């Protein structure tokens, strides 16, 4: 989902780091990529409690995007 670049003997998702704080959030964030990442992590996590919490947070996030008119209510799963 995210482009990886070699850094300090490992791989890093540099683009993803920009999404972690409001100060570094891109001017035109790729919301779909962010939502896809949450779905991927929720699917791969071994804890159903953590997965459920993550999916609840994603739903709240999507509702805020819809309210702000950054996401169309019928164009997401």
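In our numbering, the protein residues as written are 142 to 218.
No residue lacks a Cβ here, since even glycine has one placed at the ideal position from N, Cα and C.
Quantities reported herein were computed from a predicted structural model and do not represent experimental measurements.
Between residue 155 and residue 162, the CB-CB gap reaches or exceeds 8 Å. Using a Cβ-Cβ distance cut-off of 8 Å, the region 165 to 173 and the region 184 to 191 are not in contact, since fewer than three pairs of beta carbons, one from each stretch, lie closer than that value. In this structure, the alpha-carbon of residue 168 lies about 26 Å from that of residue 183.
When rounded, the separation of the alpha-carbon atoms in residue 204 and residue 151 is 36 Å. In the displayed model, residue 209 falls within coil according to three-state DSSP, outside both helix and strand.
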